[in-house]
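See structure below.
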Amino acid sequence: MKRFAKLFAELDQTNKTNEKILALKEYFAEAPDADKMWAAALFTGRRPKRQVNRTQLWGWASELTDLPEWLFRESYHAVGDLAETIALLLPDPQHESDRSLSEWIEYLNQAARESESEKQQKITAAWNELGQQERFVFNKLITGAFRVGVSQNLLIRAIAGLHEIEKTILAHRFMGNWDPASTTYQQLVFEENRSDDLSRPYPFFLAHPIDGHPQELGVPAEWQAEWKWDGIRSQTLLRKGQFFIWSRGEELVTEKFPELRILQTSLPDGVAIDGEIMPYKDGQVLPFNVLQTRIGRKNLSAAILKNAPVALFAYDLLEWRGEDIREQPLRERRELLGKLVEEVNRPNVLRLSPAVAFATWEELAEKRETSRQHFAEGLMLKHKDSLYQVGRKRGDWWKWKVEPLTIDGVLIYAQKGSGRRASLFTDYTFGVWNGEVLVPFAKAYSGLTDKEIRQVDDFIRKNTVEKFGPVRTVHPELVFEIGFEGIQESKRHKSGVALRFPRMLRWRTDKKAADANSLDELKEILKAYQAGTT
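Everything in the sequence shown is counted per this note's numbering, starting at 1349 for the first residue and increasing by one.
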């Protein structure tokens, strides 16, 4: 556990890719295989289930610190993270543990099966054996809130470099339903004969954003343009009669889209389709918020399936008749895909994502401006001779998104961040004017430079009006331009609207609070968005 806690700290304290890769290589070169498996699982989102709720953790830690409730609470508000607060406040451990990461996770799994009093004994006993940094990581594991700035691609780069394995091969092995409790490191990393795992998807090929104008890409005729759909990226597989749907986040989502099950009896065997699951009804693509009504629901009622049906918009074919065809050029894969969709002939559930015809880049730029009318985020540009690669590679696939919708809001609430930003106010709530009152409409925490964050933090500390737990009400003075991808009506928000992917585009130091936008102006954006005219 000491080794893993050290790795966590090293990864959390740097933004440099090479330093992260070096730290990962050192860990995976030295750690026991069982720990390597759990580390790989944690870094790829396979976190153990939460074993203890926050209220229990708070109470048990508060007892051990022997602090007044108000002081414990103020400490939490100052730090902004319960796991870190507990790690800082607990008295020094009286014993030292040499348990490994995997042993501690098994320890937590055993605690989950016991009564609350037995859980408390186990957790407090663990705290008494762990140092401060180890406690912090342990607490993150307890709450199911383990996060660190390592992508799966970064992890694969490190392990592939350590063992001199081709990254694309290792990326494929990491896809699928492996379990750190039952899969060995040898099996996951080195086993070559894993093609019999019928459910395994392929690593997704991702696009880079275009910086500037696509004229730099060369001859338009060499490129294929498609709408950049706003749905759920997926891979649909049929192998030996077994049907699987995977999300880009490596979640098996077959059961969440029962209307696509008909493809199990319609597709030829041995295919893998890359596409986007879209809300689709009566021959029309629907807004993403229609799809949101069914995301996360355990039970899909007949009414939901009727009001928010989906279709798979296919834009690439990765496997054909059991053969991996990713090395074939896109134009050939696309031709096979078109024939497949036509032969299946299930237009309500399987559609070929249409190519956007264009002769010049100027013509394509004009069509891009109509993206929101199609409920798309912009355009995808793919070289017709491109292979289907792994991860985000520059050169062959590009995304050309429309400019975000924008509105100017006033900073009205602030809260401290977490991790490296736990001591700074970085999570902001913004308001727009409804008459003479500012109504909250969006939260955002990204988009500012480190220097701007420190300046805003200083302003918040000097201009706090009220405190509500960790939240500060601030004097309404700072104006920010907020960008967002979509907007919808919402009864849960005071403003009556909810924004999709809000973030700060810039700090409007040139504007006073009175110059910020109004709620009426925000609702005008909503109307235009719903009509597809934004």
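Built from N, CA and C at the ideal position, the CB exists for glycine as well.
Quick caveat, the model's predicted, so the values are computed rather than measured.
In three-state terms, what does DSSP make of residue i?
i, result
"residue 1722", "helix"
"residue 1864", "coil"
"residue 1851", "strand"
"residue 1877", "helix"
"residue 1816", "strand"
"residue 1600", "strand"
"residue 1534", "helix"
"residue 1623", "strand"
"residue 1452", "helix"
"residue 1613", "coil"
"residue 1500", "helix"
"residue 1650", "helix"
"residue 1491", "helix"
"residue 1608", "helix"
"residue 1568", "helix"
"residue 1391", "helix"
"residue 1398", "coil"
"residue 1672", "strand"
"residue 1643", "coil"
"residue 1543", "Here residue 1543 scores only 48 on pLDDT, less than 50, and its place in the model should not be relied on; the value that follows carries that caveat. In this structure, residue 1543 counts as coil in the three-state DSSP scheme."
As a quick exercise: from the options, pick the residue whose alpha carbon is nearest that of residue i.
i, options, result
"residue 1824", "1794, 1795, 1862", "1862"
"residue 1735", "1864, 1775, 1555", "1555"
"residue 1580", "1493, 1357, 1724, 1749", "1724"
"residue 1726", "1594, 1558, 1874, 1393", "1558"
"residue 1849", "1649, 1794, 1745, 1691", "1794"
"residue 1571", "1480, 1653, 1703, 1609", "1703"
"residue 1459", "1400, 1799, 1420", "1400"
"residue 1640", "1527, 1422, 1867, 1655", "1655"
"residue 1730", "1718, 1673, 1375, 1679", "1679"
"residue 1844", "1826, 1804, 1787", "1787"
"residue 1529", "1512, 1539, 1412, 1394", "1394"
"residue 1374", "1503, 1520, 1441, 1741", "1503"
"residue 1765", "1791, 1780, 1753, 1754", "1791"
"residue 1471", "1402, 1514, 1539, 1519", "1402"
Ends of the beta strand (DSSP E) at residue i?
i, result
"residue 1472", "Unbroken run through residue 1472 is the alpha helix (DSSP H), 1464-1475; no beta strand (DSSP E)."
"residue 1781", "1773-1782"
"residue 1686", "Where residue 1686 is concerned, there is no enclosing beta strand (DSSP E), although the alpha helix (DSSP H) it sits in stretches over 1678-1692."
"residue 1587", "1580-1587"
"residue 1558", "Run containing residue 1558: none; DSSP gives neither H nor E here."
"residue 1591", "1590-1595"
"residue 1574", "1571-1577"
"residue 1417", "Per DSSP, residue 1417 belongs to no beta strand (DSSP E); it is in the alpha helix (DSSP H), 1417-1427."
"residue 1785", "1785-1792"
"residue 1836", "1834-1837"
Quick check: what's the CA-CA separation for residue i versus residue j?
i, j, result
"residue 1429", "residue 1438", "14 angstroms"
"residue 1749", "residue 1716", "8 angstroms"
"residue 1836", "residue 1469", "48 angstroms"
"residue 1361", "residue 1706", "47 angstroms"
"residue 1546", "residue 1522", "14 angstroms"
"residue 1818", "residue 1806", "16 angstroms"
"residue 1537", "residue 1372", "15 angstroms"
"residue 1544", "residue 1650", "With a pLDDT of 48 at residue 1544, under the threshold of 50, the modelled position of this residue cannot be trusted; read the value that follows with caution. Rounded to whole angstroms, residue 1544 to residue 1650 spans 36 angstroms at the Cα level."
"residue 1624", "residue 1761", "37 angstroms"
"residue 1578", "residue 1564", "26 angstroms"
"residue 1500", "residue 1813", "42 angstroms"
"residue 1838", "residue 1593", "30 angstroms"
"residue 1353", "residue 1820", "32 angstroms"
"residue 1509", "residue 1485", "26 angstroms"
"residue 1782", "residue 1846", "16 angstroms"
"residue 1778", "residue 1697", "40 angstroms"
"residue 1419", "residue 1432", "15 angstroms"
"residue 1665", "residue 1417", "59 angstroms"
"residue 1467", "residue 1798", "41 angstroms"
Can you tell me where the alpha helix (DSSP H) holding residue i begins and where it ends?
i, result
"residue 1373", "1365-1378"
"residue 1709", "1709-1716"
"residue 1408", "1402-1413"
"residue 1751", "Looking at the DSSP string, residue 1751 is not in any alpha helix (DSSP H), and its letter there is neither H nor E."
"residue 1699", "First-last for residue 1699: 1698-1700, but that is the beta strand (DSSP E), not the alpha helix (DSSP H)."
"residue 1804", "1798-1810"
"residue 1935", "The structure shown has nothing for residue 1935, since the chain only spans 1349 to 1882."
"residue 1431", "1430-1437"
"residue 1358", "1350-1360"
Checking 7 angstroms against the spacing of the C-beta atoms, do residue i and residue j come in under that value?
i, j, result
"residue 1676", "residue 1620", "no"
"residue 1355", "residue 1498", "no"
"residue 1357", "residue 1481", "yes"
"residue 1738", "residue 1516", "yes"
"residue 1443", "residue 1476", "yes"
"residue 1746", "residue 1568", "no"
Using a Cβ-based criterion (distance less than 6 angstroms to any ligand heavy atom), does residue i qualify as near the ligand ADP?
i, result
"residue 1592", "What this structure holds is no ligand at all, so the ligand ADP is not there to describe."
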